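Working notes, structure below.
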């Protein structure tokens, strides 16, 4: 299979991107400024992220769609208002996470944003669970651009006036060059920001106009350090088929109203809600400057293995190494002393609260 | 007169008599990206040619630093431990890694000259 390119590929090259393969796509890991500068620019100004490799799945057609989707996802879709978004999961029967995703109610159905590496499988699983009864389109004629950072609203408002009135986790239709674009106020950096779904043929000029208004292209490298500082999970690292949303410390994304109802994996989740879980995702702060990466083993003070790091890096804004991982539940309390095995040495660290970097979202009416 | 040579692992070595200063090349720092962590060998320890003698980490990944020559570690550069970004700024001068009292000068023979290294770096990164 040949490597895919997004509609912004020429622009990545023009702005000096170092390109890597990611989930079958040629994607920018960084541009000329490098990961740290790009990370800091996003936190202090605004950054543009090409996330067109992610799946945009549109579902529509039929009064029972909402009901049938609630049999798949543990979200309260009946209470979702048009243009409102929720974070949810596609799970297997064991309650393990097959993908984490954002569901938005559109005027005629739902839009689901899927992870790039999971999207084709998700599409088949969702279609099959819906018994092919509805109109479904994994739309690859659309690009997806994220604009993140404190200046995001000012920059985007100059290009698409009016979008600054959107509330966090809400979306709406706007017009760019006489074409419909769909914008949600959301993101993956711990900053205020937007995700813009736009026709492939308009993506390049749209991004150039964001750059003219003071924003900069940011690569996947900084996207990863930004999301880690924000305590957000990366599917494949921090979430997988053997990990449930409860274990992942994402209980908040399962509304109480859905716990007693049926969906894929509901029995396991109900059990975990009642009896608790053996392992739990936690934040980890090493005492020293040593960085613990994914798969680093975690020990207690008696040298017994108690867990594993799933993501770790140096946090450019917190200016310290940061990590997250799973530990035996009895070690998950904040300030518990743990040890990370890095290059044969046991490095002292503490369990800490997430996020590492405090969020700065625009609060809106987010609870239904 | 000091002699400067380069290894295939992208270290540079400057020899003054029996004392060698070792660091990583500018080309290496460009491949690594922003360096955020450096670990150096213990002063007084002995390191063997082509063995691990330190670690550098970027935001993305960790990489071993090898010594291109055997010897006893007589000094290490605390500046790059305190501020690893100095390695990106000035890799081939002030941001050296460690100094060795060398054992066998003939180990220098297998290393590359500046011209040879530049050619090697260009070919391997293409």
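Chains as they are written, first to last, in my numbering: chain A, 1 to 368; chain B, 1001 to 1126. C-beta: ideal position from N, C-alpha, C; glycine also. Note that the coordinates shown come from a computational prediction; the quantities given were computed from them, not determined experimentally.
**Message:** Quick test of the definition: if touching needs 3 or more C-beta pairs under 8 Å, does the segment 286 to 294 of chain A touch the segment 196 to 215 of chain A?
**Reply:** As far as the Cβ criterion goes, the segment 286 to 294 of chain A does not touch the segment 196 to 215 of chain A, which means the pair count is below three.
**Prompt:** Applying the criterion that 16 or more other CB atoms from any shown protein chain within 10 Å of the CB defines a buried residue, is residue 1029(B) buried or exposed?
**Reply:** Numbered from its first residue, the second chain carries residue 1029(B) at position 29. Buried.
**Item:** Run of the alpha helix (DSSP H) containing residue 92(A), from where it starts to where it stops
**Value:** Numbered from 1 along the first chain, position 92 holds the residue referred to as residue 92(A). Per DSSP, residue 92(A) lies in no alpha helix (DSSP H) and is assigned neither H nor E.
**Request:** Provide the residue span of the beta strand (DSSP E) that contains residue 1016(B), from first to last.
**Result:** Counted from its first residue, the second chain places residue 1016(B) at position 16. It spans 1011 to 1016 - the beta strand (DSSP E) in which residue 1016(B) sits, taken as one unbroken run.
**Prompt:** Quick one: what does DSSP say residue 39(A) is sitting in, helix, strand or coil?
**Reply:** Locating residue 39(A) in the first chain gives position 39, where the first residue counts as 1. Three-state DSSP puts residue 39(A) in a helix.
**Message:** What does the alpha-carbon distance come out to for the pair residue 230(A) and residue 99(A)?
**Reply:** Taking the first residue of the first chain as 1, we reach residue 230(A) at position 230. Taking the first residue of the first chain as 1, we reach residue 99(A) at position 99. Cα to Cα, the separation comes out at about 19 Å.
**Prompt:** Who are the Cβ neighbours of residue 1055(B) in its own chain at under 8 Å, not counting the five residues just before and after it?
**Reply:** Taking the second chain and counting its residues from 1, one reaches residue 1055(B) at position 55. Here the set comprises 1037, 1038, 1039, 1062, 1063, 1064 and 1065.
**Prompt:** Using Cβ-Cβ distances below 7 Å, what residues of the segment 194 to 224 of chain A are close to chain B?
**Reply:** 221
**Request:** Determine whether the Cβ of residue 314(A) lies closer than 9 Å to any Cβ atom of chain B.
**Result:** For the purposes of this step, residue 314(A) is identified with residue 314 of the first chain, where counting begins at 1. Yes, because at least one Cβ of chain B sits closer than 9 Å to the Cβ of residue 314(A).
**Asked** When the cut-off is 9 Å and only beta carbons count, does residue 35(A) lie next to chain B?
**Response** Against the first chain, residue 35(A) aligns to sequence position 35. Yes, residue 35(A) lies at the interface with chain B (some Cβ there is under 9 Å from its Cβ).
**Item:** Residue from 93(A), 236(A), 222(A) and 252(A) with nearest C-alpha to residue 1033(B)
**Value:** In the second chain, counting from the first residue as 1, residue 1033(B) sits at position 33. When each option's Cα is compared against that of residue 1033(B), the closest is 222(A).
**Asked** Mind checking residue 1096(B): buried by the 16 CB within 10 Å criterion, or exposed?
**Response** Position 96 of the second chain, counting from 1, holds the residue named residue 1096(B). Answer is buried; the Cβ neighbour count reaches 16.
**Item:** Where residue 320(A) falls: helix, strand or coil (DSSP)
**Value:** Stepping through the first chain from its first residue, residue 320(A) is reached at position 320. Residue state, collapsed to three classes: strand.
**Asked** Is residue 105(A) helix, strand or coil when you go by DSSP?
**Response** In the first chain, the residue the question calls residue 105(A) occupies position 105. The answer is strand: DSSP assigns residue 105(A) an E or B state.
**Request:** Starting from the Cα of residue 186(A), find the closest Cα among 176(A), 180(A), 201(A) and 167(A) and give me that residue.
**Result:** Against the first chain, residue 186(A) aligns to sequence position 186. The shortest Cα separation from residue 186(A) among 176(A), 180(A), 201(A) and 167(A) belongs to 167(A).
**Asked** Candidates 291(A), 10(A), 53(A) and 86(A): which alpha carbon is nearest residue 1060(B)'s?
**Response** Looking up residue 1060(B) in the second chain gives position 60. It is 291(A) whose Cα lies nearest to the Cα of residue 1060(B).
**Request:** Compare the C-beta of residue 1025(B) with all C-beta atoms of chain A and state if any pair is closer than 9 Å.
**Result:** If you number the second chain from 1, residue 1025(B) lands on position 25. No, residue 1025(B) does not count as interfacial toward chain A.
**Request:** Select from 144(A), 239(A), 299(A) and 219(A) the residue whose C-alpha is nearest the C-alpha of residue 34(A).
**Result:** For this step, residue 34(A) is matched to residue 34 along the first chain. Selected option, being the one with the closest Cα: 219(A).
**Prompt:** Just curious, the alpha helix (DSSP H) that residue 11(A) is in, first and last residue?
**Reply:** Position 11 of the first chain holds residue 11(A). Element bounds for residue 11(A): 9 to 14.
**Message:** Could you pull the DSSP bridge partners for residue 188(A) from this structure?
**Reply:** Within the first chain, the letter at position 188 stands for residue 188(A). Secondary-structure assignment with DSSP links residue 188(A) through no beta bridge to anything.
**Prompt:** Taking only beta-carbon atoms, is residue 289(A) less than 9 Å away from chain B?
**Reply:** As a position in the first chain, residue 289(A) is number 289, starting the count at 1. Under the 9 Å criterion on CB atoms, residue 289(A) is classed as interfacial with respect to chain B.
**Prompt:** At a CB-CB cut-off below 9 Å, which residues of chain A make contact with residue 1033(B)?
**Reply:** Here the question's residue 1033(B) lines up with position 33 in the second chain. Residues of chain A passing the Cβ test: 18, 29, 30, 34, 35, 36 and 221.
**Message:** Closer than 7 Å between beta carbons: that is the criterion. Which residues of the segment 1071 to 1090 of chain B meet it against chain A?
**Reply:** Using a CB distance below 7 Å, no part of the segment 1071 to 1090 of chain B faces chain A.
**Residue from 85(A), 97(A) and 66(A) with nearest C-alpha to residue 268(A)** = In the first chain, counting from the first residue as 1, residue 268(A) sits at position 268. Checked all of 85(A), 97(A) and 66(A); the closest Cα to residue 268(A) is 97(A).
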